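In the numbering used here, the protein residues as written are 1 to 457.
Now the structure itself:
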């Protein structure tokens with residue numbers, strides 16, 4: 001039972017540690033991905049704003065150059081020079097729709113479309129809006145074709161005299177397209193960087209898990225090998241693997257860490273099962289028959305106890321002493337102890353038809369209380385055990401129980417009273433106690449929870 005419990009404890013710790021490590025890794029990776037997406041979005045928006053501001057600064061500089069170069073030709077009404085100026089300067093402006101130079105009367109003197117020279121320049125916002133920043137006026141509107149237009153204008157001054165204005169219109173669709181193209185290249189670079197960092201995080205998580213996996217695997221293999229190989233000596237098993245007798249006996253994996261040495265105080269429920277009339281039975285039977293029948297009873301009882309998260313503390317003759325405690329995997333120790341007792345009686349009754357008379361003569365006592373648990377013994381031999389008044393009480397209740405009966409203490413009944421039907425027993429003086437105790441005979445378990453699935457979780 002010690003090795004089996006240690007193996008179950010090892011597997012439980014292994015699964016729990018794996019869940020903790022991988023949950024932490026997944027949360028870290030998820031936090032990284034979320035942070036990366038948010039930062040990427042913020043950086044993209046910031047880049048878009050900066051690129052747009054840079055583009056507009058370039059357009060304003062170009063407009064200022066037109067205004068400065070057009071002052072003298074416009075004052076001299078030199079239409080040829082003005083149009084030559086436009087042809088030379090507009091070829092490098094992306095997204096340009098038109099540039100127009102008009103005089104004081106709003107007559108076009110130069111235009112990127114020569115057919116419009118000499119005509120009146122008509123401003124049309126088409127539902128847009130106009131704003132002014134210093135001496136530059138900005139208008140935004142949409143053409144019937146759906147083209148979004150940004151038009152900037154600035155007056156042409158010569159010797160503090162207004163000679164006219166320069167209008168420069170560009171397509172915001174083209175500008176946004178260029179900006180998005182530049183942003184796409186930056187986003188791709190950041191995406192590749194994010195993928196590289198993500199792979200680095202996954203690799204780091206895997207790398208951190210490998211030592212843990214090797215340690216737990218080696219520990220599990222050692223325990224498994226110890227359970228499979230017989231001892232050659234008291235000092236150790238084959239290949240230096242400790243044998244069953246060298247390990248700390250009787251460690252309950254569900255209650256304590258298998259390798260803790262200190263004494264702990266624990267609230268538990270104790271189940272004490274014993275055969276009624278066992279002495280008279282042994283005197284009239286062959287020893288081998290007695291042993292076979294006893295082993296069948298012990299096997300049935302042990303299976304039911306383990307299935308409900310209990311731990312078999314001791315086999316004393318015909319008695320089985322089991323302990324149920326609360327752990328992260330198991331809860332409601334009193335409910336599980338009562339359910340296990342009912343399961344034992346049912347399983348024994350079902351198997352009694354095979355001719356084993358012991359199976360129908362088992363009485364069970366159940367009590368609850370605080371016990372001390374830890375390793376007790378000498379340097380040569382230590383055993384894990386429990387110490388507490390609850391064991392004496394459980395034994396006394398077992399003595400009170402008849403064949404096939406289950407007797408529980410008041411504390412246990414108060415924990416499960418919503419789920420059981422009982423018969424109160426008359427107060428009775430317990431062994432070595434002066435006060436009377438109230439006890440209850442279990443009549444029926446109203447609802448039994450499926451605790452047995454916990455072993456596979």
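Where is the CB? At the ideal position from N, CA and C, for every residue including glycine.
Here the structure is a predicted model, which is why all the values come from computation and not from measurement.
Buried or exposed: which applies to residue i, given that a residue is buried once 16 or more other Cβ atoms fall within 10 Å of its Cβ?
{"i": "residue 69", "result": "buried"}
{"i": "residue 274", "result": "buried"}
{"i": "residue 444", "result": "exposed"}
{"i": "residue 58", "result": "exposed"}
{"i": "residue 396", "result": "buried"}
{"i": "residue 151", "result": "buried"}
{"i": "residue 294", "result": "buried"}
{"i": "residue 292", "result": "exposed"}
{"i": "residue 132", "result": "exposed"}
{"i": "residue 345", "result": "buried"}
{"i": "residue 73", "result": "buried"}
{"i": "residue 322", "result": "buried"}
{"i": "residue 354", "result": "exposed"}
{"i": "residue 401", "result": "buried"}
{"i": "residue 129", "result": "exposed"}
{"i": "residue 195", "result": "exposed"}
{"i": "residue 358", "result": "buried"}
{"i": "residue 154", "result": "buried"}
{"i": "residue 305", "result": "buried"}
{"i": "residue 160", "result": "exposed"}
Using only alpha-carbon positions, find the residue among the options that is nearest to residue i.
{"i": "residue 440", "options": "414, 446, 381, 197", "result": "414"}
{"i": "residue 412", "options": "339, 376, 357", "result": "339"}
{"i": "residue 28", "options": "294, 397, 140, 197", "result": "197"}
{"i": "residue 137", "options": "183, 60, 72", "result": "60"}
{"i": "residue 384", "options": "392, 391, 374, 393", "result": "374"}
{"i": "residue 269", "options": "24, 408, 75", "result": "408"}
{"i": "residue 342", "options": "195, 387, 266, 272", "result": "272"}
{"i": "residue 302", "options": "285, 324, 286, 287", "result": "324"}
{"i": "residue 111", "options": "368, 179, 83", "result": "83"}
{"i": "residue 377", "options": "263, 172, 159, 361", "result": "263"}
{"i": "residue 135", "options": "394, 400, 64, 337", "result": "64"}
{"i": "residue 56", "options": "171, 285, 386, 350", "result": "171"}
{"i": "residue 498", "options": "54, 337, 313", "result": "Residue 498 lies beyond the range of the chain shown here (1 to 457); nothing can be said about it."}
{"i": "residue 309", "options": "449, 418, 199", "result": "449"}
{"i": "residue 181", "options": "320, 315, 199, 52", "result": "52"}
{"i": "residue 352", "options": "296, 316, 319, 335", "result": "296"}
{"i": "residue 98", "options": "287, 80, 121", "result": "121"}
{"i": "residue 420", "options": "265, 300, 312, 335", "result": "335"}
{"i": "residue 285", "options": "80, 356, 37, 304", "result": "356"}
Where residue i and residue j are concerned, what is the direct C-alpha to C-alpha distance, given to the nearest angstrom?
{"i": "residue 283", "j": "residue 438", "result": "35 Å"}
{"i": "residue 382", "j": "residue 298", "result": "24 Å"}
{"i": "residue 193", "j": "residue 48", "result": "20 Å"}
{"i": "residue 422", "j": "residue 366", "result": "13 Å"}
{"i": "residue 446", "j": "residue 404", "result": "18 Å"}
{"i": "residue 204", "j": "residue 45", "result": "32 Å"}
{"i": "residue 189", "j": "residue 156", "result": "45 Å"}
{"i": "residue 62", "j": "residue 174", "result": "17 Å"}
{"i": "residue 389", "j": "residue 289", "result": "35 Å"}
{"i": "residue 144", "j": "residue 77", "result": "34 Å"}
{"i": "residue 410", "j": "residue 201", "result": "56 Å"}
{"i": "residue 146", "j": "residue 87", "result": "27 Å"}
{"i": "residue 424", "j": "residue 370", "result": "24 Å"}
{"i": "residue 362", "j": "residue 23", "result": "47 Å"}
{"i": "residue 107", "j": "residue 119", "result": "6 Å"}
{"i": "residue 426", "j": "residue 279", "result": "28 Å"}
{"i": "residue 406", "j": "residue 442", "result": "6 Å"}
{"i": "residue 169", "j": "residue 184", "result": "26 Å"}
{"i": "residue 116", "j": "residue 75", "result": "20 Å"}
{"i": "residue 380", "j": "residue 387", "result": "21 Å"}
{"i": "residue 40", "j": "residue 95", "result": "28 Å"}
{"i": "residue 417", "j": "residue 32", "result": "51 Å"}
{"i": "residue 158", "j": "residue 35", "result": "56 Å"}
{"i": "residue 484", "j": "residue 177", "result": "In this structure the chain extends from 1 to 457, so residue 484 is not present and cannot be described."}
{"i": "residue 349", "j": "residue 372", "result": "34 Å"}
{"i": "residue 317", "j": "residue 347", "result": "20 Å"}
{"i": "residue 319", "j": "residue 281", "result": "15 Å"}
{"i": "residue 393", "j": "residue 26", "result": "50 Å"}
{"i": "residue 140", "j": "residue 54", "result": "18 Å"}
{"i": "residue 66", "j": "residue 42", "result": "36 Å"}
{"i": "residue 50", "j": "residue 199", "result": "31 Å"}
With 8 Å as the threshold, decide whether the Cβ of residue i is near any Cβ in chain C.
{"i": "residue 314", "result": "Looking at the structure shown, chain C is missing, and only one protein chain is on hand."}
I'd like to know if the stretch 156-167 and the stretch 101-112 are in contact, where contact means that at least 3 CB-CB pairs between them fall below 8 Å.
Because the criterion of three Cβ pairs below 8 Å is met, the stretch 156-167 and the stretch 101-112 touch.
Unbroken stretches of the alpha helix (DSSP H), 4 residues or longer, contained in the stretch 72-140:
If we require 4 residues or more, the alpha helix (DSSP H) runs fully inside the stretch 72-140 come out as 79-89.
Starting from the N-terminal side, write out each stretch of the alpha helix (DSSP H) that is 4 residues or longer and does not extend beyond the stretch 257-290.
Complete alpha helix (DSSP H) runs here, min 4: 278-283.
Start-end ranges of the beta strand (DSSP E) lying completely within the stretch 290-338, minimum 3 residues:
Listed in chain order, they are 311-316, 319-325.
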